[in-house]
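Enquirer: So for the sequence shown, our numbering puts the first residue at 286; every next one is plus one.
Take a look at the following structure, please.
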Amino acid sequence: MDLTTTYMGLKLKNPIIVGASPLTASFESIKKLEANGASAVVLHSIFEEQINHETKELDHFLFKGSESYAEAIGYFPEVSLSNIESESYLEEIKNLKANISIPIIASLNGVSTGGWINYAKKLESAGVDAIELNITYIPTDIDTDARDIEALYVDALKAVKANVSIPVGVKMNAYFSAPAQMAKKLVDAGANGLVLFDRPVHVDINLENLNSIQIINKSSSKDLSETLRWSAILYKKLNTSLCASTGVSTHEDILKAIMSGADAVQMVSAILQNGESHIQTVLQNLVAWMEEKEYISIEQMKGSISLHHTSNPAAYQRANYMRILTDYRF
Ligand SMILES: Cc1cc2nc3c(=O)[nH]c(=O)nc-3n(C[C@H](O)[C@H](O)[C@H](O)COP(=O)(O)O)c2cc1C
Numbered sequence: 286m287d288l289t290t291t292y293m294g295l296k297l298k299n300p301i302i303v304g305a306s307p308l309t310a311s312f313e314s315i316k317k318l319e320a321n322g323a324s325a326v327v328l329h330s331i332f333e334e335q336i337n338h339e340t341k342e343l344d345h346f347l348f349k350g351s352e353s354y355a356e357a358i359g360y361f362p363e364v365s366l367s368n369i370e371s372e373s374y375l376e377e378i379k380n381l382k383a384n385i386s387i388p389i390i391a392s393l394n395g396v397s398t399g400g401w402i403n404y405a406k407k408l409e410s411a412g413v414d415a416i417e418l419n420i421t422y423i424p425t426d427i428d429t430d431a432r433d434i435e436a437l438y439v440d441a442l443k444a445v446k447a448n449v450s451i452p453v454g455v456k457m458n459a460y461f462s463a464p465a466q467m468a469k470k471l472v473d474a475g476a477n478g479l480v481l482f483d484r485p486v487h488v489d490i491n492l493e494n495l496n497s498i499q500i501i502n503k504s505s506s507k508d509l510s511e512t513l514r515w516s517a518i519l520y521k522k523l524n525t526s527l528c529a530s531t532g533v534s535t536h537e538d539i540l541k542a543i544m545s546g547a548d549a550v551q552m553v554s555a556i557l558q559n560g561e562s563h564i565q566t567v568l569q570n571l572v573a574w575m576e577e578k579e580y581i582s583i584e585q586m587k588g589s590i591s592l593h594h595t596s597n598p599a600a601y602q603r604a605n606y607m608r609i610l611t612d613y614r615f
């Protein structure tokens, strides 16, 4: 069975990439992921705040409207003034490249176009095979226009692209007014891959302490829907690779993602829940399913259930939406 696929120009032995998380934060854990069949890993993120010596380089976007700079800085867990994290991240990459044969993708997490962008060059020199850019920004300022927010993403990507020649992907979120056009803008700015989608940290309120909290909820297959929708819509529309992320837990989820148009998938929650050997189980189930249905390769099924052949995807989506609501019986 041919499980190989190509993502951002990287040849992968199968579609399962392990996404940025604590799973990819240590050498031992990454070794285990490789031994269990992962085809690539995205390292835990290095944050803009951990890269800049001078926190004042943080973009004005972050501090716009905050009356006290010192107070705003205080929100950060530990704003690094030493660059220790960013130096050890590079050492970690060099060690991995010497001992691991699967591709290593660095995760660069920032929101501005400040000096941290130069760090992309250091990542390339350290030997990473690609960079995944995660721009997580919650636009709280009611006076900032959506176009300015979009420009923030595009500008950060362009700045990183200008610094490196390795592939650069963008981990998108699904909350743009026009995700398809945003995807196009990112590809026009040089994105070699789009990860659909990042999973936001969830907000809750602790009723004991009467404060708001942010929590990480693990995903399940039920969370796959938006990823399938946008993979199906974007398949073959853009000259870029697509990677399905959020809710990919089983071999069935992988099949659905690939048939929707993804080139590869990222998995985190399912491995955190079931251990590294989950990758092996999923790969075995994937092969068994493909054999039973007489598929011979991943390539063969890519985009087979996308909206590529639909002449008017918007009308198609709307018609299905109406049908499902009007046909519902209780
Ligand atoms: C504990 C934890 C830590 C994470 N850390 C990062 C991170 O450092 N950078 C990042 O881009 N995504 C991070 N993520 C998000 C994951 O990479 C992934 O996008 C998300 O969990 C959705 O995939 P899943 O449904 O397979 O879990 C983290 C997720 C979890 C659960």
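Think of the CB as a built atom: it goes at the ideal place given N, C-alpha and C, for glycine as much as any other residue.
1) Shorter than 6 angstroms, the distance from the beta carbon of D489 to the closest heavy atom of ligand 1, or not?
2) Could you tell me the alpha carbon to alpha carbon distance between L610 and L297, rounded to whole angstroms?
3) Going by the DSSP bridge assignment, what does F332 pair with across the sheet?
4) Quick check on S365: does DSSP put it in helix, strand or coil?
5) For V396, which option in R432, E333, T425 has the closest C-alpha, if you only look at C-alpha atoms?
6) What would DSSP say about D483, mapped onto helix, strand or coil?
7) Any heavy atom of ligand 1 closer than 6 angstroms to the CB of H329?
8) Whole alpha helix (DSSP H) runs in the stretch 469-526 with 4 or more residues, listed along the chain?
9) From which residue to which residue does the alpha helix (DSSP H) around A555 run?
10) In or out: E376 buried (at least 16 other Cβ within 10 Å) or exposed?
11) Considering just the uninterrupted stretch of the beta strand (DSSP E) at K296, what are its terminal residues?
12) Would you check whether ligand 1 has a heavy atom nearer than 6 angstroms to the C-beta of G616?
13) Check whether the Cβ atoms of N458 and D489 lie closer than 7 angstroms to each other.
14) Take I564 and list the residues in its own chain whose beta-carbon comes closer than 6 angstroms to its own, dropping the five residues that flank it on each side.
15) Determine the DSSP secondary structure at G454, reduced to helix, strand or coil.
16) Going by alpha carbons, who is nearest to G400 out of Q335, I498, K469, M544?
17) Do S526 and M293 have their beta-carbon atoms positioned less than 7 angstroms apart in this structure?
18) In the DSSP assignment, find the unbroken beta strand (DSSP E) run with N597 in it and report its ends.
19) Is it the case that the CB of G304 approaches a heavy atom of ligand 1 more closely than 6 angstroms?
20) V326 and I389 look like a contact to me (Cβ under 8 angstroms); what is the Cβ gap, rounded to whole Å?
21) Got a sec? Which residues, its chain only, sit under 7 angstroms from N477 by beta carbon, not counting five neighbours each side?
22) Measure the C-alpha to C-alpha separation of D612 and A600 and round it to an integer number of angstroms.
23) State whether the stretch 490-499 contacts the stretch 424-434, with contact taken as three or more CB pairs (one from each stretch) at a distance under 8 angstroms.
24) Compare the C-alpha of D414 against each of D433, M586, L381, S545 and name the closest.
25) Can you grab the Cα-Cα spacing for the pair L442 / A383, in whole Å?
Expert: With the structure as the only source:
1) The residue you call residue 489 lines up with position 204 of the sequence shown. Outside the cutoff, so no.
2) As a first step, residue 610 is located in the sequence shown; it is residue number 325 there, counting from the start. As a first step, residue 297 is located in the sequence shown; it is residue number 12 there, counting from the start. Rounded to whole angstroms, L610 to L297 spans 41 angstroms at the Cα level.
3) For the purposes of this step, residue 332 is taken as residue 47 along the sequence shown, with counting starting at 1. Paired residues: N394.
4) Counted from its first residue, the sequence shown places residue 365 at position 80. Residue confidence is low: S365 scores 48 on pLDDT, short of 50, so the model does not pin down where it sits. Its coordinate-derived value is still stated next. Three-state result, S365: coil.
5) Locating residue 396 in the sequence shown gives position 111, where the first residue counts as 1. It is E333 whose Cα lies nearest to the Cα of V396.
6) Translated into positions along the sequence shown, residue 483 becomes position 198. In this structure, D483 counts as coil in the three-state DSSP scheme.
7) The residue given as residue 329 occupies position 44 in the sequence shown. Yes, the Cβ of H329 comes within 6 angstroms of a heavy atom of ligand 1.
8) 510-519
9) Locating residue 555 in the sequence shown gives position 270, counting from the first residue. Note, A555: alpha helix (DSSP H), 554-559.
10) Walking along the sequence shown from the start, residue 376 turns up at place 91. That one is exposed.
11) As a position in the sequence shown, residue 296 is number 11, starting the count at 1. Looking at the DSSP string, the run of the beta strand (DSSP E) that includes K296 is 295-297.
12) Only positions 286 to 615 of the chain appear in this structure, which leaves residue 616 out of reach.
13) If you number the sequence shown from 1, residue 458 lands on position 173. If you number the sequence shown from 1, residue 489 lands on position 204. No, they are not a contact pair.
14) Position 279 of the sequence shown, counted from the start, is the residue given in the question as residue 564. Answer for I564: I301, N321, G322, A323, listed in chain order.
15) Here residue 454 refers to the residue found at position 169 when the sequence shown is read from its first residue. If DSSP states are grouped into helix, strand and coil, G454 belongs with the strands.
16) Counting from one through the sequence shown, the residue named residue 400 turns up at place 115. Checking every option, the nearest Cα to that of G400 belongs to Q335.
17) Indexing the sequence shown from 1 puts residue 293 at position 8. Indexing the sequence shown from 1 puts residue 526 at position 241. Against a cut-off of 7 angstroms, the Cβ pair of S526 and M293 comes out as a contact.
18) Start at 1 with the first residue of the sequence shown, and residue 597 comes out as number 312. Element bounds for N597: n/a, residue is neither H nor E.
19) Position 19 of the sequence shown, counting from 1, holds the residue named residue 304. For ligand 1, at least one heavy atom lies less than 6 angstroms from the Cβ of G304.
20) Counted from its first residue, the sequence shown places residue 326 at position 41. Counted from its first residue, the sequence shown places residue 389 at position 104. About 6 angstroms separates the two Cβ atoms, so the contact holds.
21) Within the sequence shown, numbered from 1, the residue matching residue 477 stands at position 192. Within the same chain, N477 has close Cβ partners M293, G294, P452, V453, G454, T525, S526.
22) Your numbering for residue 612 matches position 327 in the sequence shown. Your numbering for residue 600 matches position 315 in the sequence shown. Roughly 18 angstroms separates the two Cα atoms.
23) no
24) Against the sequence shown, residue 414 aligns to sequence position 129. Per the Cα distances, L381.
25) Your numbering for residue 442 matches position 157 in the sequence shown. Your numbering for residue 383 matches position 98 in the sequence shown. So the alpha carbons of these two residues sit roughly 28 angstroms apart.
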